[in-house]
Amino acid sequence: MNEIIDILISASFWAAVIRIASPLILATMGELICERAGVLNLGIEGIMVIGAFTGWMAVYQGMPLWGGVAVAMGAGMLFGLLHSTLTVPFGLSQHVVGLGVTLFATASASFAYRLMLPEVTSPPKIEPFQPLDIPLLSDLPWLGEAIFSQTALTWAAFAVAGIVAFTLYRTPLGLAVRAVGENPAAVEAQGLSVTGLRMGAVIMGSGLMAVGGAFLTLSAFSSFFFEMVNGRGWICIALVVFGAWKPGKAVLGAILFAAFDALQIRLQQTELGAVLPYQLFLALPFILSILALILMSRRAEVPASLMVPYNKGER
Amino acid sequence: MTLGKEEAEVVLRLDRISKRFGALKANNAVSLTLRRGEVVALLGENGAGKTTLMNILFGHYVADEGVVEVFGQPLPPGNPRAALSAGVGMVHQHFTLAGNLTVLDNIRLGTEGLWSPSVSGARAKVEQLSRDFGLAVHPDAKVGRLSVGERQRVEILKALYRNARILILDEPTAVLTPQEAEALFATLRKATALGLSVIFISHKLHEVMAIADRCVVLRHGRVVGEVDTHATDRGALAALMVGGELSLPRAEARAPGAVLMKLDRVSTPDRGAAPGLKAVTLDLRAGQITGLAGVSGNGQAALAEILGGLSVPSSGQIVLGDHPVAGWSPGEALARGVARIPEDRHHQGSIADFDLTENAVLEGYRTRFSHRGWMNWRAAREFAEGIIKGYDVRCPGPETRIRLLSGGNMQKLILGRAMAPGPRVILANQPVRGLDVGAIAYVQSQLIAARDRGATVLLISEDLDEIMGLSDVIHVMSQGRLSPAFARGTMTAAELGLWMAGQRFGEADAA
Numbered sequence: 319m320n321e322i323i324d325i326l327i328s329a330s331f332w333a334a335v336i337r338i339a340s341p342l343i344l345a346t347m348g349e350l351i352c353e354r355a356g357v358l359n360l361g362i363e364g365i366m367v368i369g370a371f372t373g374w375m376a377v378y379q380g381m382p383l384w385g386g387v388a389v390a391m392g393a394g395m396l397f398g399l400l401h402s403t404l405t406v407p408f409g410l411s412q413h414v415v416g417l418g419v420t421l422f423a424t425a426s427a428s429f430a431y432r433l434m435l436p437e438v439t440s441p442p443k444i445e446p447f448q449p450l451d452i453p454l455l456s457d458l459p460w461l462g463e464a465i466f467s468q469t470a471l472t473w474a475a476f477a478v479a480g481i482v483a484f485t486l487y488r489t490p491l492g493l494a495v496r497a498v499g500e501n502p503a504a505v506e507a508q509g510l511s512v513t514g515l516r517m518g519a520v521i522m523g524s525g526l527m528a529v530g531g532a533f534l535t536l537s538a539f540s541s542f543f544f545e546m547v548n549g550r551g552w553i554c555i556a557l558v559v560f561g562a563w564k565p566g567k568a569v570l571g572a573i574l575f576a577a578f579d580a581l582q583i584r585l586q587q588t589e590l591g592a593v594l595p596y597q598l599f600l601a602l603p604f605i606l607s608i609l610a611l612i613l614m615s616r617r618a619e620v621p622a623s624l625m626v627p628y629n630k631g632e633r
Numbered sequence: 002m003t004l005g006k007e008e009a010e011v012v013l014r015l016d017r018i019s020k021r022f023g024a025l026k027a028n029n030a031v032s033l034t035l036r037r038g039e040v041v042a043l044l045g046e047n048g049a050g051k052t053t054l055m056n057i058l059f060g061h062y063v064a065d066e067g068v069v070e071v072f073g074q075p076l077p078p079g080n081p082r083a084a085l086s087a088g089v090g091m092v093h094q095h096f097t098l099a100g101n102l103t104v105l106d107n108i109r110l111g112t113e114g115l116w117s118p119s120v121s122g123a124r125a126k127v128e129q130l131s132r133d134f135g136l137a138v139h140p141d142a143k144v145g146r147l148s149v150g151e152r153q154r155v156e157i158l159k160a161l162y163r164n165a166r167i168l169i170l171d172e173p174t175a176v177l178t179p180q181e182a183e184a185l186f187a188t189l190r191k192a193t194a195l196g197l198s199v200i201f202i203s204h205k206l207h208e209v210m211a212i213a214d215r216c217v218v219l220r221h222g223r224v225v226g227e228v229d230t231h232a233t234d235r236g237a238l239a240a241l242m243v244g245g246e247l248s249l250p251r252a253e254a255r256a257p258g259a260v261l262m263k264l265d266r267v268s269t270p271d272r273g274a275a276p277g278l279k280a281v282t283l284d285l286r287a288g289q290i291t292g293l294a295g296v297s298g299n300g301q302a303a304l305a306e307i308l309g310g311l312s313v314p315s316s317g318q319i320v321l322g323d324h325p326v327a328g329w330s331p332g333e334a335l336a337r338g339v340a341r342i343p344e345d346r347h348h349q350g351s352i353a354d355f356d357l358t359e360n361a362v363l364e365g366y367r368t369r370f371s372h373r374g375w376m377n378w379r380a381a382r383e384f385a386e387g388i389i390k391g392y393d394v395r396c397p398g399p400e401t402r403i404r405l406l407s408g409g410n411m412q413k414l415i416l417g418r419a420m421a422p423g424p425r426v427i428l429a430n431q432p433v434r435g436l437d438v439g440a441i442a443y444v445q446s447q448l449i450a451a452r453d454r455g456a457t458v459l460l461i462s463e464d465l466d467e468i469m470g471l472s473d474v475i476h477v478m479s480q481g482r483l484s485p486a487f488a489r490g491t492m493t494a495a496e497l498g499l500w501m502a503g504q505r506f507g508e509a510d511a512a
């Protein structure tokens, strides 16, 4: 017990929590935008892989770090365009298309990797984002290490969450997005384009997912591995449900999941870790997430037209 | 009111509109003019082309031929946005509201540029409009929690907020109690006094007579008559609508028999916004049609599920004949002589891509049409052919997929299927909704015939005319509670309306 408390009060633990939460926040915001507009985007896992790969490759080829972020975002938006073209105007099954996009995106990344680096045995490293030194704040005792020594991309992740929340609830655009996921006929009757809004939301959301993936290669690690996304996309889909389709709650969910994850790594190094198999620790965040999901999502208001394709003129 | 109407400005002109869906001519050279401050009723049966015409006007459909002119300007086809900005506001039959948004947000939706910041003053304008037009509704309430009547007010406010000068209401009273309908009429009178014009789509004649200045009657996509309402009467309008004298069956009074089925203080849990049953006690007697009136969503679905065996009561008991039933299930209900005509013939009553034979034996394929686990298709097909002949189901043959049948013919097949085993209890949930007058008369006469054979019929309907015309006893359901039984002819529609609105229940409790 004492060991857990020691872990929880250490500044490095909280720094890790925020670092682990950042890519989840970015991708969760992406998924949340899609789902608010009524489209379930199961392409998220693959789009994160594409983001991780293209961002890293761009930087490896000599682009600046922010250039890598932009390239990742663009690649994600391309896959978003593919996904939304199939699901919105064509009205195909969002499950099938989403899984297809994930497989296609993952395979494309591995194909491109082999094509561009045919003779490399271990993936080359890049120089990733470094923690920003904020005058005064970074020098604070405890807080400085726990919160104010993060990379620019982490700050960007939290800023994105704020922007998404503001847009959804404070602008006419957000109003239209929320309405199109609830009752597209209402949007149509007001003279707005259901297709335009839904495709726009999926493309934008996919861009954010890819940046979430790029966080892994450009900020968290300095290289690209095929397995590095490792189910984070699926976690983000759960986080959207956990957050009841609300950005603020989804960010809290991401932080909670990240805390479980950071905790289990540290627990493995305690005496407990010597007794219990390490797989149990790896499973811990997922088990706790499922429990939290059951508790939190009961009274959530699901967007009423989520996963329902809209065909003009049909009742 | 009618004085000087001829000189009033023409605000809307539909000129020779035609629209074809496959082989069906939904609109055939329909012309219509609407003047300032006028209410024009668009009258016609289901499928006469009313809704198609209005969807063309509003830009949801593109007409094959013809012109729409608003305030003298032709409207570009297929563009709801243009119709909106020209001052046409439409209140759809199926509301186009987003339940997760507030009233204010629903009204603002689409009125501001997507990329510009929100406009202030929207709230003040909405409050002003709801005062001016008598449309009481709270701007910050979530639409998903509002009653149907309130949602309709939001729809009207939405149109007014966009400065609509022409309001189109598609069957606006279908979902309202008589009192709510009266309030709607008051709003419409205020609107026309302020110079707005209204197109009122309906097939309820008494409402048309009450609110409209002029009446345009459509039949099979054509205008078959245009009359001033003060110069006509209901009979003449009805004859125009159906193209002949209208005669719906009316059941004559009969002495009631023994109780065949009884619900004794049956309750069920609420399901989300849908109320469950609250200690409902109901006697269904042989040789009697029991009418159940009420606005839909007040527990009728729960009651129908209990009677049909789809759910079991959480308290109270069901008595069939003399004995309380145990192990209540749809199969048990069928075996004990309960027949169902489900509310939704497309989803609950039939399987769209099955053929008529398969649909005809859905309720009996395990008992009557199979032997040791093998289907007896010959018997099934003969059974289906018997229904097709006996109930006048118009179709190419028993191998037709049921999806291809019209609503009336589909309902006749379901009716035949329900009646075939000679049921003792018949549960008819909205049996004539959406049918044309010919099919309505047929279905209703079959229900009366079943009653005369000694069965008991529970007729659930939202249409008070239907309830009052057929029922020997009437109950009203509101918020899951059941009113006492009212004998035929003892209640007026207005009095039933007060029960429907739940008002009389409170008074009964207080007394």
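Sequence lines, in order, name chains A and B.
According to this note's numbering, the first sequence is numbered sequentially starting from 319.
According to this note's numbering, the second sequence is numbered sequentially starting from 2.
For each residue, glycine too, the CB sits at the ideal point set by N, CA and C.
In this text, all values refer to a predicted model and were calculated from it rather than measured experimentally.
Ranking B:298, B:308 and B:274 by CA distance to the CA of residue 284 (chain B) puts B:308 first. The distance from the Cβ of residue 382 (chain B) to that of residue 399 (chain B) is about 6 Å, consistent with a contact at the 8 Å cut-off.
Taking 8 Å as the threshold, the shortest C-beta distance from residue 490 (chain A) to chain B falls below it. The count of Cβ pairs closer than 8 Å, one atom from the region 328 to 348 of chain A and one from the region 562 to 571 of chain A, reaches three, so the stretches are in contact. Taking the beta carbon of residue 622 (chain A) as reference, the chain B residues within 9 Å of it are 99, 100, 101 and 145, listed in sequence order. With a 10 Å radius around the Cβ and a threshold of 16 neighbouring Cβ atoms, residue 428 (chain A) comes out exposed. Here residue 503 (chain B) carries a coil assignment [DSSP, helix/strand/coil]. With a threshold of 16 other beta carbon atoms within 10 Å, residue 440 (chain A) falls short and is exposed. Any Cβ of chain A closer than 8 Å to the Cβ of residue 106 (chain B) would place that residue at the interface, and such an atom is present. DSSP places residue 396 (chain B) in the coil class of the three-state scheme, outside both helix and strand. Assignment of residue 415 (chain A) by DSSP, reduced to helix, strand and coil, places it in the helix class. The beta carbon of residue 500 (chain B) does not come within 8 Å of any beta carbon belonging to chain A, so the residue lies off that interface. Look at residue 26 (chain B) here: in three-state DSSP terms it is strand. For residue 292 (chain B), the secondary structure class from DSSP, reduced to helix, strand or coil, is strand.
The beta-carbon of residue 351 (chain B) is placed no less than 8 Å from the nearest beta-carbon of chain A.
In the structure shown, the three-state DSSP call for residue 567 (chain A) is helix. The three-state secondary structure of residue 63 (chain B), taken from DSSP, is coil.
One alpha carbon belongs to residue 494 (chain A), the other to residue 575 (chain A), and they sit about 31 Å apart.
By the CB criterion at 8 Å, residue 621 (chain A) and residue 500 (chain A) fall inside the cutoff. Identification of residues in the region 413 to 435 of chain A having a C-beta nearer than 7 Å to some C-beta of chain B yields an empty set. Residue 360 (chain A) is positioned such that its CB atom lies closer than 8 Å to that of residue 416 (chain A). In this chain, residue 301 (chain B) is not harboured by any beta strand (DSSP E); it is covered by the alpha helix (DSSP H) spanning 301 to 309.
A Cβ-Cβ contact shorter than 8 Å links residue 175 (chain B) with residue 94 (chain B). Setting aside the 5 residues that flank it on each side, residue 436 (chain B) is surrounded in the same chain by 47, 408, 409, 412 and 444, each with a C-beta closer than 8 Å to its C-beta; the list follows chain order.
Cβ contact annotation for residue 39 (chain B) (same chain, cutoff 6 Å, sequence separation greater than five): 198 and 214, in chain order.
With a 10 Å radius around the Cβ and a threshold of 16 neighbouring Cβ atoms, residue 502 (chain A) comes out buried. By the CB criterion at 8 Å, residue 68 (chain B) and residue 54 (chain B) fall outside the cutoff. Distances from the alpha-carbon of residue 547 (chain A) to those of A:365, A:337 and A:358 put A:365 closest.
With fewer than 16 other Cβ atoms inside 10 Å of its own Cβ, residue 375 (chain B) counts as exposed. Here residue 144 (chain B) carries a helix assignment [DSSP, helix/strand/coil]. Residue 453 (chain B) carries a helical assignment under DSSP once its states are collapsed to helix, strand and coil.
Residue 14 (chain B) carries a strand assignment under DSSP once its states are collapsed to helix, strand and coil.
In this chain, the beta strand (DSSP E) harbouring residue 282 (chain B) covers 281 to 286.
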